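K.L.:
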Amino acid sequence: MRKQKTDYEELFLKVDAKKQPLKTLLLLFRDNLGRVLLTIVFFVLKNLPVWILPILTSAIINEAVNPDGQTLQKILTYLAVGLVLIGQNIPTQQGETYFTTRVVRDIELRLRSAIVRKLQHLTISCHKTLSSGRIQSKILRDVDSIEALSKATITNMVQSVLSILVFATITIFRSPLVALFFLLTIPIAAFMIKHFRRNIGRTVGDFRKEVEHMSAYVSEMVEMIPVTKAHGLESVETERIDTQLEKVQKKAIETDTVQTLFGSSCFVAFQSFQLLCLCFTGFLAYKGKISVGEVAMFQSFFSQLLGSFSGLLTLYPTISKGFEAIGSVSEILASADIENNSGKMKLPTVSGNFSFENVSFTYPDDPTIPILTDFTLSVKEGEYIAFVGESGSGKTTALNLLIGFHFPTEGTVMVDGHNMRDINLTAYRHHIAVVSQNNILFSGSIRDNIAYGLPHVKDEEIEKAIDLANLRELIEELPDGIDTQIGEHGGRLSGGQRQRIAIARAMIRNPKVILLDEATSALDNVSEHKVQEAMDKLISGRTTFVVAHRLSTIRSADRIVVMRHGKIEEIGTYDSLIAQKGYFYELARLQEEN
Numbered sequence: 002m003r004k005q006k007t008d009y010e011e012l013f014l015k016v017d018a019k020k021q022p023l024k025t026l027l028l029l030f031r032d033n034l035g036r037v038l039l040t041i042v043f044f045v046l047k048n049l050p051v052w053i054l055p056i057l058t059s060a061i062i063n064e065a066v067n068p069d070g071q072t073l074q075k076i077l078t079y080l081a082v083g084l085v086l087i088g089q090n091i092p093t094q095q096g097e098t099y100f101t102t103r104v105v106r107d108i109e110l111r112l113r114s115a116i117v118r119k120l121q122h123l124t125i126s127c128h129k130t131l132s133s134g135r136i137q138s139k140i141l142r143d144v145d146s147i148e149a150l151s152k153a154t155i156t157n158m159v160q161s162v163l164s165i166l167v168f169a170t171i172t173i174f175r176s177p178l179v180a181l182f183f184l185l186t187i188p189i190a191a192f193m194i195k196h197f198r199r200n201i202g203r204t205v206g207d208f209r210k211e212v213e214h215m216s217a218y219v220s221e222m223v224e225m226i227p228v229t230k231a232h233g234l235e236s237v238e239t240e241r242i243d244t245q246l247e248k249v250q251k252k253a254i255e256t257d258t259v260q261t262l263f264g265s266s267c268f269v270a271f272q273s274f275q276l277l278c279l280c281f282t283g284f285l286a287y288k289g290k291i292s293v294g295e296v297a298m299f300q301s302f303f304s305q306l307l308g309s310f311s312g313l314l315t316l317y318p319t320i321s322k323g324f325e326a327i328g329s330v331s332e333i334l335a336s337a338d339i340e341n342n343s344g345k346m347k348l349p350t351v352s353g354n355f356s357f358e359n360v361s362f363t364y365p366d367d368p369t370i371p372i373l374t375d376f377t378l379s380v381k382e383g384e385y386i387a388f389v390g391e392s393g394s395g396k397t398t399a400l401n402l403l404i405g406f407h408f409p410t411e412g413t414v415m416v417d418g419h420n421m422r423d424i425n426l427t428a429y430r431h432h433i434a435v436v437s438q439n440n441i442l443f444s445g446s447i448r449d450n451i452a453y454g455l456p457h458v459k460d461e462e463i464e465k466a467i468d469l470a471n472l473r474e475l476i477e478e479l480p481d482g483i484d485t486q487i488g489e490h491g492g493r494l495s496g497g498q499r500q501r502i503a504i505a506r507a508m509i510r511n512p513k514v515i516l517l518d519e520a521t522s523a524l525d526n527v528s529e530h531k532v533q534e535a536m537d538k539l540i541s542g543r544t545t546f547v548v549a550h551r552l553s554t555i556r557s558a559d560r561i562v563v564m565r566h567g568k569i570e571e572i573g574t575y576d577s578l579i580a581q582k583g584y585f586y587e588l589a590r591l592q593e594e595n
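Here the sequence shown is numbered in this note's numbering, starting from 2 and rising by one per residue.
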């Protein structure tokens with residue numbers, strides 16, 4: 002039976018990655034221990050020439066210094082052994098690289114997949130605190146840093162430690178006195194790490210944060226280009242980005258300077274120590290304690306030993322950067338602010354009966370400002386309800402409560418007699434459709450956007466949705482028809498065309514409940530008329546909630562809920578509210594005058 006792989010999200014929830022980055026890293030390897038062991042086996046085989054050639058070199062030198070009748074035969078034997086050891090490096094190097102890559106790429110893939118999955122489960126409130134630039138930086142740059150750390154752990158750290166153990170073991174057996182000299186490298190390495198650790202960690206952390214800020218700024222800049230150009234603010238935006246780029250450059254230079262000083266200090270210390278080793282072993286040979294060949298052997302060993310120590314020390318910036326990245330991705334993977342539907346009731350169908358019962362709502366980051374207060378409303382199946390009021394009156398918040406993006410601070414929202422808190426929201430949302438003012442389309446064809454999430458939808462259903470959404474004329478005018486590519490975010494289409502595609506996307510799902518959030522407020526009169534016709538077809542026979550800016554578009558609503566400062570000011574039909582000459586009447590009159 003195949004062992005189930007570790008869920009990286011659960012791993013980050015169980016381990017405090019910021020305080021225990023090393024433990025977290027080791028747990029990332031848990032499902033690849035077999036491949037790691039195979040990597041080590043291939044490394045040992047690959048590295049046999051490095052470990053054994055100094056011994057063969059020592060033996061050849063000793064034979065040359067003290068020849069006998071078997072010298073030539075021995076030298077040829079040493080040569081044959083050396084060539085075999087060197088030749089096997091090609092297949093073993095391939096094997097080591099293959100298994101290392103499998104381990105590292107598996108961690109990289111699963112980390113990115115876990116972050117993407119977690120992002121889908123975070124609440125809307127949590128997403129509002131995460132800019133797209135920061136998220137991209139975590140998914141791309143931080144995971145790259147963890148991948149580099151994972152690779153360094155296998156290919157450099159483990160291998161350097163193995164090399165140190167092999168060299169130390171051979172040296173102890175050949176000359177305990179030289180082995181004691183080798184041990185002096187340990188306190189030097191420890192001193193280097195202790196001396197530079199704080200500065201490297203600080204600079205790496207500062208650099209990562211500035212890169213995240215830069216990613217966020219660049220993402221905003223791209224989205225703001227139409228506004229920037231429309232107001233002639235190119236130079237202002239360029240200066241804003243340049244300022245942030247200069248901050249990144251400053252931190253990058255500071256980080257590189259510290260790391261370079263660390264590397265050069267290690268080089269000077271270890272090369273000086275290697276020179277001392279040569280003099281020390283030369284002195285031992287002079288005193289007859291070791292042979293001339295062993296001087297060369299120990300010098301080679303010590304050179305490679307220092308290389309291994311130096312490799313470990315120069316890894317420290319990579320380790321520091323990787324640990325910082327582990328803490329960074331944990332901000333998403335360890336977040337508890339998720340929409341948890343586990344074990345909750347799945348509604349097999351939704352009729353469309355809703356009720357707000359004494360609902361009050363405030364945002365967690367500012368609980369002193371009430372968004373909704375004592376909001377009570379009952380809606381029957383198939384009813385058409387419109388929310389109107391000034392900006393900030395709570396209209397969109399009411400829709401977000403119906404979608405399940407937020408839960409009331411006080412009171413309850415019921416759907417078909419069930420508390421929204423108790424139902425599986427993912428299953429519930431399969432029965433609803435949302436069309437907002439700024440609908441999101443992705444770069445693909447019109448067909449892809451209409452049939453989004455419905456891979457097996459029939460062409461007849463797509464064609465029907467196109468007709469209902471008043472898209473037929475548009476599609477017939479396009480060179481590739483329904484397969485026309487619309488560009489990023491539908492940038493090649495007008496606002497009205499994008500809205501009608503969004504309506505077609507809603508229609509093809511045959512939803513029981515429709516939520517429209519100011520879907521026509523940003524359109525011209527012609528586009529509004531076409532979109533309004535499509536919306537009328539969409540809402541027919543379905544429970545519908547509309548947030549309206551233009552009051553003329555909701556004359557046919559069964560009830561209009563007039564909101565003010567988070568409370569219900571008036572309720573009634575269009576004609577009855579006009580006749581009352583209250584707050585709604587004043588809103589309608591102001592619109593007519595403007």
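Cβ coordinates follow ideal geometry from the N, Cα and C atoms, glycine included. For clarity, every value in this text was computed on a predicted model and none was experimentally measured.
Is residue 73 close to the ligand NAD? I mean its beta-carbon at under 8 Å from any heavy atom of the ligand.
P.N.:
Looking for the ligand NAD in the displayed structure turns up nothing, as the structure carries no ligands at all.
K.L.:
Going by DSSP in three states, residue 200 sits in which element: helix, strand or coil?
P.N.:
Reduced to three states, the DSSP call for residue 200 is helix.
K.L.:
Anyone know if the C-beta pair for residue 66 and residue 294 falls short of 9 Å?
P.N.:
yes
K.L.:
Check residue 425 in the structure and name its three-state DSSP category.
P.N.:
coil
K.L.:
Once the 5 residues before and after residue 376 are set aside, which same chain residues still bring their CB inside 6 Å of it?
P.N.:
These residues qualify, in order along the chain: 357 and 360.
K.L.:
Hey, how far is the Cα of residue 434 from the Cα of residue 412?
P.N.:
25 Å
K.L.:
Is it buried or exposed for residue 1, if we count other Cβ within 10 angstroms and need 16 for buried?
P.N.:
The structure shown does not extend to residue 1, since the chain is modelled only from 2 through 595, so no value can be given for it.
K.L.:
How many angstroms separate the CA atom of residue 104 from the CA atom of residue 155?
P.N.:
Those two C-alpha atoms are separated by around 9 Å.
K.L.:
Can you check which of these residues, 557, 163 and 338, is closest to residue 40 by C-alpha distance?
P.N.:
163
K.L.:
Could you tell me which whole alpha helix (DSSP H) segments of length 4 or greater appear in the segment 249-295?
P.N.:
none
K.L.:
Measuring CA to CA, which of 391, 417, 94 and 272 is closest to residue 380?
P.N.:
417
K.L.:
From the DSSP secondary-structure annotation, give me the bridge partner or partners of residue 420.
P.N.:
415
K.L.:
Between which two residues does the alpha helix (DSSP H) holding residue 386 run?
P.N.:
Counting along the chain, residue 386 falls outside any alpha helix (DSSP H), though it belongs to the beta strand (DSSP E) covering 385-390.
K.L.:
Return helix, strand or coil for residue 568, following the three-state DSSP convention.
P.N.:
strand
K.L.:
Do residue 57 and residue 79 have their C-beta atoms closer together than 9 Å?
P.N.:
yes
K.L.:
Measuring only the C-alpha atoms, how far is residue 91 from residue 200?
P.N.:
As the crow flies, the alpha-carbon of residue 91 is around 40 Å from that of residue 200.
K.L.:
Going by other Cβ atoms of all chains shown within 10 Å of its Cβ, with 16 needed for buried, is residue 15 buried or exposed?
P.N.:
exposed
K.L.:
In whole angstroms, give me the CA-to-CA distance for residue 544 and residue 384.
P.N.:
So the alpha carbons of these two residues sit roughly 5 Å apart.
K.L.:
Name the one or two DSSP bridge partners that residue 573 has.
P.N.:
561
K.L.:
What's the gap between the Cα of residue 407 and the Cα of residue 112?
P.N.:
Straight-line spacing of the CA atoms in residue 407 and residue 112 works out to 28 Å.
K.L.:
Would you identify the three-state DSSP class for residue 145, choosing helix, strand or coil?
P.N.:
Helix.
K.L.:
Short check: CB of residue 400 to CB of residue 537, under 9 Å?
P.N.:
no
K.L.:
DSSP puts residue 351 in a beta bridge; with which residues?
P.N.:
The partner list for residue 351 (beta bridge, DSSP) is empty, contrary to what the question assumes.
K.L.:
Inspect the beta-carbon positions of residue 330 and residue 139 and report whether they are closer than 9 Å.
P.N.:
yes
K.L.:
DSSP state of residue 367, grouped into three classes?
P.N.:
coil
K.L.:
Since residue 652 and residue 382 are thought to touch, with beta carbons under 8 Å apart, how far apart are those beta carbons, to the nearest angstrom?
P.N.:
Since the first and last residues shown for the chain are 2 and 595, residue 652 lies out of range.
K.L.:
For residue 379, report the span of its beta strand (DSSP E) as first-last.
P.N.:
Start and end: 373-380.
K.L.:
Can you say whether residue 1 is buried or exposed, counting buried as having 16 or more other CB atoms within 10 angstroms of its CB?
P.N.:
This structure cannot speak to residue 1, because the chain is shown only from 2 to 595.
K.L.:
When DSSP labels each residue in this structure, what does residue 331 get in the three-state scheme?
P.N.:
Taken through DSSP and simplified to helix, strand or coil, residue 331 comes out as helix.
K.L.:
Reducing DSSP to helix, strand and coil, say where residue 458 ends up.
P.N.:
Residue state for residue 458 is assigned as coil, using DSSP reduced to three classes.
K.L.:
Rounded to whole angstroms, what's the CA-CA distance from residue 404 to residue 534? Just pull it up for me.
P.N.:
Cα-Cα distance, rounded: 24 Å.
K.L.:
Kindly indicate which three-state DSSP category residue 358 falls into: helix, strand or coil?
P.N.:
Correct three-state label for residue 358: strand.
K.L.:
When DSSP builds the beta bridges, which residues end up paired with residue 208?
P.N.:
According to DSSP, residue 208 bridges with nothing at all.
K.L.:
According to DSSP, residue 434 sits in a beta bridge with which residue or residues?
P.N.:
According to DSSP, residue pairing for residue 434 in a beta bridge involves 515.
K.L.:
Which value, in whole angstroms, describes the spacing of the CA atoms of residue 51 and residue 203?
P.N.:
When the Cα atoms are used, residue 51 and residue 203 turn out to be separated by approximately 37 Å.
K.L.:
Please report the Cβ distance between residue 63 and residue 292, rounded to the nearest whole angstrom; I am assuming they are in contact, meaning their Cβ atoms lie under 8 Å.
P.N.:
5 Å
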